[in-house]
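A.B. asks: Straight run, no breaks: the sequence shown in this note's numbering ends on number 627.
Virtual Cβ for every residue (Gly too), placed ideally from N, Cα, C.
Sharing a structure below in structure tokens format, with a few things to ask.
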Amino acid sequence: MARVAVIGGGCSGVLTVRELLRCSDDDVVLIEPGEPGGGLAYGFAQPWHLLNSRAGAMSADPADPGHFVRWANAHGLTAGSADFLGRRDYGDYLRDVLDEAAAAHPGRLTIRRARATGLTGAWSVTLDDGTEVAADDVIVAVGNPQGSQPAPVRPDQPGYLADPWRPGALEALPGSAPVLLIGTGLTAVDATLTLFAGGDRSAPVTMVSRRGQLPLAHTVEAAPPFTTALNDCATLRDVVHAVRASIGAAGDWRAVVDGLRPYLDELWVALTPDEQDAFLRHLARPWECHRHRMAPSVARQIAALRGEEGLLIRSGGIRAITAAPQGGLNVEFGDGDRQWYAAVVNCAGPGKLPGSANPFVARLLDAGLARIGPHNLGLDIDGDGRLIGADGLPQPGLLLVGPLRRGAQWETTAVPEIRAQAHRLATRRTVRELTAQK
């Protein structure tokens, strides 16, 4: 019997703990300073924030696709597998999943309400309360890197909100003054819904990004996934041609995108580094718009706001952000236009490492226990999910689950992929088998 420390109690951490309790005989210590099950995605969500995946895709159990839907109906949320439920509800679900797993395996789970601040070899996790947790194995499940910060502004600049998820920050902005959101992705969509939620906003909200592309919308009813023939694809250009041909045959690009999902990591690792770079420069944003879509009701709200000119979209990025004498911020856009905003909110996606590493990940890098992965998108891992150290060797007993695998993998931020990673660690090759080199 081993003792496994799981660092991070968001979605990745909860799914990992569940699989370890169910599929191994290890004792587990979950290290999380807040309420387990929340995390950035679900811990600060408001009722109007919906999941961007259908309920049927969000089960915590890899072998039971209907688990979340049944939970929702048992808790008074009338839902089918094609419906889009609230992110706050999903946080409640994750907490119940954790509680049920702990109750089914009494005495094997300990929750430490503290923040992991460091790690020493063989292994001892230091916590911000001054204590340490000794473990045979450590699984890092801390979620995404911190958000990227636009170069033209200081994070502490008055009028600039570096974190759109800080409780109450958006609600405190006056509805009579214009607000600028940096980013046009799902975070910006959620921020827009919050800014208009009270019904008293009279001034517009503007989103800006380099391309000015919003996420696209799900259909109300899901089409069956369409399989793209990829056997003859040797290059990125071949893949793009095959996908375009499939869209013509399927009649709905959503079915093609959904059909590609099981093969995305295989496609990613088959690309050369130069092809991966080309994808990131030219195709990553259009792909994200098609892959990570808005729920239909959210898309309708956004379309209505745009039609009323309550929401404006700009492309071209930002050249400069400076303090205005009257308060707020003056913004110079990429096309030279200048506008004043009462507040500028950073809704950009996860940043690159090392600059966007959270303090724990930064200490892993400083200690040589991890190294930055391909394209600076996450941490480097081997095929079994072990972190690769500065010496280029896998770290026995130090593993990674979730979004920080990005770069080494591509599709690693959504529930189906994260739960599969957790299950593989706990079953196909157990954590102890991965650490037999110790």
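To the nearest angstrom, report how far apart residue 193 and residue 515 are at their CA atoms.
C.D. replies: As a first step, residue 193 must be located in the sequence shown, where it is residue number 4. As a first step, residue 515 must be located in the sequence shown, where it is residue number 326. Taking the straight line from one Cα to the other gives about 54 Å.
A.B. asks: Check for me: the alpha helix (DSSP H) holding residue 522 runs from which residue to which?
C.D. replies: On the sequence shown, position 333 is the one that residue 522 refers to. Unbroken run through residue 522 is the beta strand (DSSP E), 518-522; no alpha helix (DSSP H).
A.B. asks: Let me know the secondary structure DSSP gives residue 420 once reduced to three states.
C.D. replies: Counting from one through the sequence shown, the residue named residue 420 turns up at place 231. Coil, per DSSP.
A.B. asks: Taking the alpha-carbon of residue 323 as reference, which of 347, 313, 332 has the nearest alpha-carbon?
C.D. replies: Looking up residue 323 in the sequence shown gives position 134. Ranking 347, 313, 332 by Cα distance to residue 323 puts 313 first.
A.B. asks: Which residues bound the alpha helix (DSSP H) around residue 611?
C.D. replies: Residue numbering aside, residue 611 sits at position 422 when the sequence shown is read from its first letter. First-last of the alpha helix (DSSP H) with residue 611: 604-615.
A.B. asks: Nearest CA to the CA of residue 545: which residue from 456, 257, 316, 339?
C.D. replies: The residue given as residue 545 occupies position 356 in the sequence shown. Among 456, 257, 316, 339, the Cα nearest to that of residue 545 belongs to 339.
A.B. asks: Leaving out the 5 sequence neighbours to the left and right, which residues in its chain are closer than 8 Å to residue 224 when beta-carbon positions are compared?
C.D. replies: For the purposes of this step, residue 224 is identified with residue 35 of the sequence shown, where counting begins at 1. Within the same chain, residue 224 has close Cβ partners 198, 232, 284.
A.B. asks: With 16 as the cutoff for other CB atoms within 10 Å, does residue 252 come out buried or exposed?
C.D. replies: Position 63 of the sequence shown holds residue 252. It counts as exposed.
A.B. asks: Can you list, in chain order, the residues of its chain whose CB lies under 8 Å from that of residue 449, leaving out five sequence neighbours each side?
C.D. replies: Counting from 1 along the sequence shown, the entry for residue 449 is found at position 260. For residue 449, where only same-chain residues beyond five positions count, the Cβ hits under 8 Å are 417, 432, 456.
A.B. asks: CB-CB under 7 Å to residue 412, same chain, minus the five flanking residues each way: which ones, in chain order?
C.D. replies: Numbered from its first residue, the sequence shown carries residue 412 at position 223. Hits under 7 Å: 441, 443, 444.
A.B. asks: Could you give the first and the last residue of the continuous alpha helix (DSSP H) run that contains residue 462?
C.D. replies: By one-based count along the sequence shown, residue 462 stands at place 273. First-last of the alpha helix (DSSP H) with residue 462: 462-467.
A.B. asks: Determine the contact status of residue 588 and residue 553, defining contact as a CB-CB distance below 9 Å.
C.D. replies: Numbered from its first residue, the sequence shown carries residue 588 at position 399. Numbered from its first residue, the sequence shown carries residue 553 at position 364. No.
A.B. asks: What are the boundary residues of the alpha helix (DSSP H) that residue 282 is part of?
C.D. replies: Within the sequence shown, the letter at position 93 stands for residue 282. Residue 282 -> alpha helix (DSSP H) spans 276-293.
A.B. asks: Report the CB separation of residue 375 from residue 481 in whole angstroms; it is logged as a contact under 8 Å.
C.D. replies: The residue you call residue 375 lines up with position 186 of the sequence shown. The residue you call residue 481 lines up with position 292 of the sequence shown. Correct: roughly 6 Å between the Cβ atoms.
A.B. asks: What's the gap between the Cα of residue 498 and the Cα of residue 534?
C.D. replies: Residue mapping note: residue 498 aligns to position 309 of the sequence shown, counting from 1. Residue mapping note: residue 534 aligns to position 345 of the sequence shown, counting from 1. Spanning the two alpha carbons is a distance of roughly 19 Å.
A.B. asks: Less than 8 Å between C-beta atoms, sequence neighbours within five positions excluded: which residues of the same chain meet that for residue 485?
C.D. replies: In the sequence shown, the residue the question calls residue 485 occupies position 296. Excluding positions up to five away in sequence, the list reads 273, 406, 407, 408, 409.
A.B. asks: For residue 321, which three-state DSSP category applies?
C.D. replies: By 1-based counting over the sequence shown, the position of residue 321 is 132. Strand at residue 321.
A.B. asks: Could you check where the alpha helix (DSSP H) with residue 490 kicks off and where it finishes?
C.D. replies: Here residue 490 is taken as the residue at index 301 of the sequence shown, counted from 1. Per DSSP, residue 490 belongs to the alpha helix (DSSP H) from 485-496.
A.B. asks: Taking the alpha carbon of residue 504 as the point to measure from, which residue in 213, 447, 396 has its own alpha carbon closest?
C.D. replies: Working through the sequence shown from its first residue, we reach residue 504 at position 315. Closest by alpha carbon: 396.
A.B. asks: Using 8 Å as the cut-off, can you tell me whether the segment 603-615 makes contact with the segment 200-218, which would need three or more C-beta pairs spanning the two stretches below that distance?
C.D. replies: These segments touch.
A.B. asks: Which runs of the beta strand (DSSP E) at least 3 residues long sit entirely within the segment 533-577? Give them in chain order.
C.D. replies: Those beta strand (DSSP E) runs which fall completely within the segment 533-577 and span 3+ residues are 575-577.
A.B. asks: Do you know offhand how far residue 608's Cα is from residue 200's?
C.D. replies: Translated into the one-based positions of the sequence shown, residue 608 becomes position 419. Translated into the one-based positions of the sequence shown, residue 200 becomes position 11. So the two alpha carbons sit approximately 9 Å from each other.
A.B. asks: Classify residue 430 as buried or exposed, calling it buried when 16 or more other Cβ atoms lie within 10 Å of its own Cβ.
C.D. replies: Along the sequence shown, read from residue 1 onward, the residue named residue 430 stands at position 241. Exposed, by the Cβ-count rule.
A.B. asks: Put residue 354 into one of helix, strand or coil per three-state DSSP.
C.D. replies: For the purposes of this step, residue 354 is taken as residue 165 along the sequence shown, with counting starting at 1. Three-state DSSP puts residue 354 in coil, outside helix and strand.
A.B. asks: Expressed to the nearest angstrom, what Euclidean distance is found between the alpha-carbon atoms of residue 569 and residue 550?
C.D. replies: Within the sequence shown, the letter at position 380 stands for residue 569. Within the sequence shown, the letter at position 361 stands for residue 550. Cα-Cα distance, rounded: 12 Å.
A.B. asks: Just verifying my parser: in three-state terms, what is the DSSP assignment at residue 306?
C.D. replies: Indexing the sequence shown from 1 puts residue 306 at position 117. Of the three classes helix, strand and coil, the one that applies to residue 306 here is strand, per DSSP.
A.B. asks: State the start and end residues of the unbroken beta strand (DSSP E) segment that holds residue 585.
C.D. replies: One-based indexing of the sequence shown puts residue 585 at position 396. 583-589 is the extent of the beta strand (DSSP E) around residue 585.
A.B. asks: In the DSSP assignment, what are the bridge partners of residue 316?
C.D. replies: Working through the sequence shown from its first residue, we reach residue 316 at position 127. Paired residues: 305.
A.B. asks: Do residue 350 and residue 530 have their C-beta atoms within less than 9 Å of each other?
C.D. replies: The residue you call residue 350 lines up with position 161 of the sequence shown. The residue you call residue 530 lines up with position 341 of the sequence shown. Their beta carbons are not under 9 Å apart, which means residue 350 does not touch residue 530 by this criterion.
A.B. asks: Which runs of the alpha helix (DSSP H), 4 residues or longer, sit entirely within the segment 355-412?
C.D. replies: The qualifying runs are 375-385.
A.B. asks: Report, in whole angstroms, the separation of the C-beta atoms of residue 240 and residue 207, which I expect to be a contact under 8 Å.
C.D. replies: Taking the first residue of the sequence shown as position 1, residue 240 is located at position 51. Taking the first residue of the sequence shown as position 1, residue 207 is located at position 18. Not a contact, Cβ separation roughly 19 Å.
A.B. asks: Taking Cβ to Cβ, would you say residue 302 is nearer than 9 Å to residue 399?
C.D. replies: Looking up residue 302 in the sequence shown gives position 113. Looking up residue 399 in the sequence shown gives position 210. Against a cut-off of 9 Å, the Cβ pair of residue 399 and residue 302 comes out as no contact.
A.B. asks: Just to check my reading of the structure: residue 401 and residue 373 have Cβ atoms closer than 8 Å, yes? What is that Cβ distance to the nearest angstrom?
C.D. replies: Counted from its first residue, the sequence shown places residue 401 at position 212. Counted from its first residue, the sequence shown places residue 373 at position 184. About 6 Å; that satisfies the 8 Å criterion.
A.B. asks: Apart from the five residues on each side of it in sequence, which residues of its chain come closer than 6 Å, Cβ to Cβ, to residue 304?
C.D. replies: For the purposes of this step, residue 304 is identified with residue 115 of the sequence shown, where counting begins at 1. Only 222, 317 meet the Cβ criterion.
A.B. asks: Assuming the contact rule is C-beta atoms closer than 8 Å, residue 238 and residue 379 should be a hit. Round their C-beta distance to whole Å, please.
C.D. replies: Walking along the sequence shown from the start, residue 238 turns up at place 49. Walking along the sequence shown from the start, residue 379 turns up at place 190. Indeed they touch by this definition, with Cβ atoms about 5 Å apart.
A.B. asks: What does the alpha-carbon distance come out to for the pair residue 205 and residue 219?
C.D. replies: For the purposes of this step, residue 205 is taken as residue 16 along the sequence shown, with counting starting at 1. For the purposes of this step, residue 219 is taken as residue 30 along the sequence shown, with counting starting at 1. For residue 205 and residue 219, the distance between alpha carbons rounds to 10 Å.
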